Ligand SMILES: [Zn+2]
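In the numbering used here, the protein residues as written are 5 to 194.
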């Protein structure tokens, strides 16, 4: 469960202790060597209890409060080789984005980068094992009863994505591969 466990960077501010809770994801292609981490960063306080997937969006969970305070949030790409932190959106970053990106840049020291690199290789190893397991299966081994013919995620993939706590963005990156599998599966069924 490496990828759903957020990295949290704490610091003291005039308003008290603040954290930047980062949900980290990597490209799903098993043998792709692009060394990048996609980060969804949420500003949190000491009541922070974790990040949860609500439907298709990540939400911040707080202890003892139903409605979390409105705080900044931004997306970033981190180059694991150089440690460079870049905004994801093509639109110019807002003041909040800039502040959170600066925070993230400060947090991306060698220790953080090494932790991200470690997560990256654990994730890629898992993905390779999944790919190998998938390659060993024939279409008959798969449970097609849960596939309604329109759902664009195959059973094996869906199960593995759940386990990894993937969100829609991550699913989107593997759509090409998934479509290829579905086309292949469909071809064999008819
Ligand atoms: Zn890649």
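Backbone N, C-alpha and C fix where the C-beta goes; we use that ideal spot for every residue, glycine too. Values in this document were obtained by computation on a predicted structure and should not be read as measured data.
- With contact defined as three or more Cβ pairs closer than 8 Å, the segment 53 to 63 and the segment 94 to 104 are not in contact.
- Assignment of beta-bridge partners to residue 126 by DSSP yields no partner.
- Boundaries for residue 113: no beta strand (DSSP E) harbours it, and the DSSP string shows neither H nor E there.
- Taking each of 49, 37, 40 in turn and checking the Cα distance to residue 20, the smallest one comes out for 49.
- At least one heavy atom of ligand 1 is found less than 7 Å from the C-beta of residue 31.
- For residue 10, there is no enclosing beta strand (DSSP E), as DSSP marks it with neither H nor E.
- 24 is the residue among 40, 82, 24, 39 whose C-alpha sits nearest the C-alpha of residue 54.
- For residue 38, the CB falls within less than 7 Å of some heavy atom of ligand 1.
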